[in-house]
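**Student:** Before anything else, here's the structure in question.
Number of protein chains: 2
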Amino acid sequence: MVECVPNFSEGRNLETVDALVAAIASVPGSRILHRTSDPDHNRSVVTFAGESEAVLKSAILAADAAVRLIDLNRHRGVHPRLGALDVLPFVPLAGTSMDDCVALARHAGARIWEELHIPVYFYEAAALRPDRVRLEDVRRGQFEGLRQAAFFDESRAPDIGGPGLHPTAGAVIVGARKFLIAYNINLQTTDLEIAKTIARDIRESSGGLPAVKALGLPLQLRGLVQVSMNLTDFEQTPPHVVYAEVSRRAAAFGVEIEASELIGLMPRKAVEMAFAELMKLRQFGSARIIENVLESALPDSA
Amino acid sequence: MVECVPNFSEGRNLETVDALVAAIASVPGSRILHRTSDPDHNRSVVTFAGESEAVLKSAILAADAAVRLIDLNRHRGVHPRLGALDVLPFVPLAGTSMDDCVALARHAGARIWEELHIPVYFYEAAALRPDRVRLEDVRRGQFEGLRQAAFFDESRAPDIGGPGLHPTAGAVIVGARKFLIAYNINLQTTDLEIAKTIARDIRESSGGLPAVKALGLPLQLRGLVQVSMNLTDFEQTPPHVVYAEVSRRAAAFGVEIEASELIGLMPRKAVEMAFAELMKLRQFGSARIIENVLESALPDSA
């Protein structure tokens, strides 16, 4: 089993998103697990899973639908993006290794160029160069900036395809990575500097919380600002720790958290960790939840 | 499947508790799901489950072991109790109804008197009289007080057996009830009046939180006091609401929560409800947790 989490540069026109999701779901064996669209980000994240072969087919169909339906020249949104299908990560689930997902990513990347003529960059475990492991390094400059650089700057040229980007679909950033939690916290203010400051202070790359990536973004349609995050190792820094830290730093600006958002799915353990910590609950864990215990002790009871 | 949660009046001598647990586990098909012993309560709670027939056998063996191993005349503990095996509730799980559990309770009660000569009271859904639905009404006066009353006051006589109580094992209060969450909050003070006041204010019977029973108890061995609770309908009043309410009321006395404790097991949904609420997480629920989604979407992935 493999999970795949394509991020598309369309979060406003839900008919388009429906068509993208339908393309993925059209492959027998590929199951949509979740979908979410954000109008300020103008971006949609689809989570699906299945056997490798079905997931690969769906991924190619997703890229095909994206190049037909999305024109980046007309795309505006607060979330950074390089492609119509912007990011295409493969995530190992039960019975699959990271190596399997790297192979799958490479295979998908090759086909996206050969069949659809969209250039491809590889990131995380599928990266071909050390300076392309981090997604934010690959995506720096975004579609508009990289159109030139991909041509003229060898260090920014696609890993497969080119020269340059696709004129309307940009490039697809294909990767293999561990499960991550995409988690956003919205602040009750329109002052973007506050979100940017908090994001900078908490992100790992500037000495903040381990395994946290963070951006400060405006949510104009909602009259808020957002600390938009990827928690790349929730056992090191779980969501409730991030929430407490952002809450504390926002309070120092006199600002409250309006709400938080999970994009896609999260593992059960992150929920259980938060529960134990926030309620000062001793000796709590998976084995204290009746459904978990029944599933393992009495498999026929479920 | 039926769950059974015997409460024994022994929480200090763990060899005795081991023997009680071993008696339950000696029946093929009965599985121990959890056990917990508290030295201040001097009480142990065992959670086990299985098919009705196995659970009934284990329950009788539990009562038999308790009458042999526990003498209430020498028992001191802060938690109210009437019997060596104090409470014996049957709880319906998948495929079993409350009526099934009532029948099981009545059957168990009859055998406990016939085979072990311990009188029995029935409570909750298994109650034979409206004034015995509530456990606290049945147990009022405890072992010491009810030894006389069970003889001389017809309104306090056992439902089965007697006259009076068993000289060392008291009586067994057998019932059928819905799943409940046994949840305790320990306060960083030795002032018992604070725990008693909070318990009185939050319990449903004095106009507090719905579906909450609460007692204020001293935890002498730990130098704390405790608000000891049963949450009889966690969807009405979940643990995190109780935690917030006790925290607020304790803070008014200048007292902090030291820790909270779950006795036995709780349902997954209570954890997910707390997570959503405490992290102001919108549109969160079971369907956002990857294991849940995979189990239902792709049953062969687990």
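In the order they appear, the protein sequences are chains A and B.
Each step along the first sequence adds one to the number in our numbering, with nothing skipped, and position 178 is 178.
With positions in the second sequence counted from 1, the corresponding number in our numbering is that position plus 1000.
No residue lacks a Cβ here, since even glycine has one placed at the ideal position from N, Cα and C.
Are the beta-carbon atoms of asparagine 184/A and glutamate 235/A separated by less than 7 Å?
**Tutor:** Here residue 184/A refers to the residue found at position 184 of the first sequence. Here residue 235/A refers to the residue found at position 235 of the first sequence. Their beta carbons are not under 7 Å apart, which means asparagine 184/A does not touch glutamate 235/A by this criterion.
**Student:** How many Å lie between leucine 1278/B and lysine 280/A at the Cα?
**Tutor:** Indexing the second sequence from 1 puts residue 1278/B at position 278. Indexing the first sequence from 1 puts residue 280/A at position 280. Using only the alpha carbons, I get a separation of about 13 Å.
**Student:** How would you label histidine 117/A, buried or exposed, when you count the other beta carbons within 10 angstroms and need 16 or more for buried?
**Tutor:** Translated into the one-based positions of the first sequence, residue 117/A becomes position 117. Exposed.
**Student:** Who are the neighbours of methionine 1279/B on chain A, taking C-beta pairs under 8 Å?
**Tutor:** Numbered from 1 along the second sequence, position 279 holds the residue referred to as residue 1279/B. Under the 8 Å cutoff, chain A gives Pro239, His240, Tyr243, Ser260, Ala274.
**Student:** State buried or exposed for proline 1130/B, treating a residue as buried only when at least 16 other CB atoms are found within 10 Å of its CB.
**Tutor:** Translated into the one-based positions of the second sequence, residue 1130/B becomes position 130. Exposed.
**Student:** Which of the three DSSP states is assigned to arginine 1177/B in this structure?
**Tutor:** Residue 1177/B sits at position 177 when you count from the first residue of the second sequence. If DSSP states are grouped into helix, strand and coil, arginine 1177/B belongs with coil.
**Student:** Quick check on the DSSP output: the beta strand (DSSP E) that includes glutamate 51/A runs from which residue to which?
**Tutor:** Counted from its first residue, the first sequence places residue 51/A at position 51. Run containing glutamate 51/A: none; DSSP gives neither H nor E here.
**Student:** On the three-pair Cβ rule with 8 Å, is the stretch 1180-1195 of chain B touching the stretch 1220-1230 of chain B?
**Tutor:** The stretch 1180-1195 of chain B vs the stretch 1220-1230 of chain B: in contact.
**Student:** What number of angstroms, rounded off, separates the C-alpha of arginine 35/A from the C-alpha of arginine 140/A?
**Tutor:** Locating residue 35/A in the first sequence gives position 35, where the first residue counts as 1. Locating residue 140/A in the first sequence gives position 140, where the first residue counts as 1. C-alpha separation (whole angstroms): 26 Å.
**Student:** Within its chain, find whatever has a CB closer than 7 Å to the CB of alanine 297/A; leave out the 5 residues flanking it on each side and keep chain order.
**Tutor:** Taking the first residue of the first sequence as 1, we reach residue 297/A at position 297. So the list is empty, once near-sequence residues are dropped.
**Student:** Judging by CA-CA distance, which residue of Ser1009/B, Leu1061/B, Glu1144/B is the nearest neighbour of serine 1037/B?
**Tutor:** Numbered from its first residue, the second sequence carries residue 1037/B at position 37. Here the closest residue by C-alpha is Ser1009/B.
**Student:** State the CB to CB distance for the pair isoleucine 202/A and valine 212/A, rounded to an integer number of angstroms; the pair is presumed to be in contact (CB under 8 Å).
**Tutor:** Here residue 202/A refers to the residue found at position 202 when the first sequence is read from its first residue. Here residue 212/A refers to the residue found at position 212 when the first sequence is read from its first residue. Going by Cβ atoms, the distance from isoleucine 202/A to valine 212/A rounds to 6 Å, so yes, they are a contact pair.
**Student:** So, are the CB atoms of tyrosine 123/A and valine 102/A less than 7 Å apart?
**Tutor:** The sequence position of residue 123/A within the first sequence is 123, counting from 1. The sequence position of residue 102/A within the first sequence is 102, counting from 1. No, Cβ-Cβ distance for tyrosine 123/A and valine 102/A is not below 7 Å.
**Student:** Give every residue of the same chain whose Cβ lies closer than 6 Å to the Cβ of threonine 47/A, excluding the five residues on either side of it in the sequence, and list them in chain order.
**Tutor:** The sequence position of residue 47/A within the first sequence is 47, counting from 1. Only Val5, Leu33, His34, Gly264, Leu265 meet the Cβ criterion.
**Student:** How many Å lie between phenylalanine 1275/B and histidine 1107/B at the Cα?
**Tutor:** On the second sequence, residue 1275/B is found 275 positions in, with the first residue counted as 1. On the second sequence, residue 1107/B is found 107 positions in, with the first residue counted as 1. Going from the Cα of phenylalanine 1275/B to the Cα of histidine 1107/B covers about 41 Å.
**Student:** Taking its Cβ as the centre, do 16 or more other Cβ atoms sit within 10 Å of phenylalanine 90/A, making it buried, or is it exposed?
**Tutor:** Locating residue 90/A in the first sequence gives position 90, counting from the first residue. Classification of phenylalanine 90/A: buried, given that the 10 Å Cβ count is 16 or more.
**Student:** Going by beta carbon distance, what residues of the same chain come within less than 7 Å of alanine 1195/B, once the five residues before and after it are set aside?
**Tutor:** The residue given as residue 1195/B occupies position 195 in the second sequence. For alanine 1195/B, where only same-chain residues beyond five positions count, the Cβ hits under 7 Å are Leu1187, Gly1216, Leu1217, Val1225, Gln1226, Val1227.
**Student:** Given a threshold of 16 other Cβ atoms within 10 Å of its Cβ, counted over all protein chains shown, does glutamate 1193/B qualify as buried or as exposed?
**Tutor:** Looking up residue 1193/B in the second sequence gives position 193. Classification for glutamate 1193/B: exposed.
**Student:** Which class does asparagine 1292/B belong to by DSSP, given the choice of helix, strand or coil?
**Tutor:** The residue labelled residue 1292/B in the question sits at position 292 within the second sequence. Looking at asparagine 1292/B - three-state DSSP - the assignment turns out to be helix.
**Student:** Can you find a C-beta in chain B that's less than 7 Å from the C-beta of leucine 104/A?
**Tutor:** The count along the first sequence starts at 1 and reaches residue 104/A at position 104. Not one chain B Cβ lies under 7 Å of leucine 104/A.
**Student:** Would you kindly work out how many angstroms separate the C-alpha atoms of isoleucine 1173/B and glutamate 1295/B, rounded to a whole number?
**Tutor:** Here residue 1173/B refers to the residue found at position 173 of the second sequence. Here residue 1295/B refers to the residue found at position 295 of the second sequence. So the alpha carbons of these two residues sit roughly 39 Å apart.
**Student:** For chain B, is any of its Cβ atoms less than 7 Å away from the one on alanine 25/A?
**Tutor:** Here the question's residue 25/A lines up with position 25 in the first sequence. Chain B, which has no Cβ nearer than 7 Å to the Cβ of alanine 25/A, makes this no.
**Student:** If alanine 1176/B sits next to alanine 1126/B, beta carbons under 8 Å apart, how far is it from one beta carbon to the other, in whole angstroms?
**Tutor:** As a first step, residue 1176/B must be located in the second sequence, where it is residue number 176. As a first step, residue 1126/B must be located in the second sequence, where it is residue number 126. Their Cβ separation, rounded to whole angstroms, is 4 Å, which keeps alanine 1176/B and alanine 1126/B in contact under 8 Å.
**Student:** Hey, alanine 65/A and alanine 19/A: beta-carbon distance below 7 Å or not?
**Tutor:** Counting from 1 along the first sequence, the entry for residue 65/A is found at position 65. Counting from 1 along the first sequence, the entry for residue 19/A is found at position 19. Yes, the pair counts as a contact, with Cβ atoms nearer than the cut-off.
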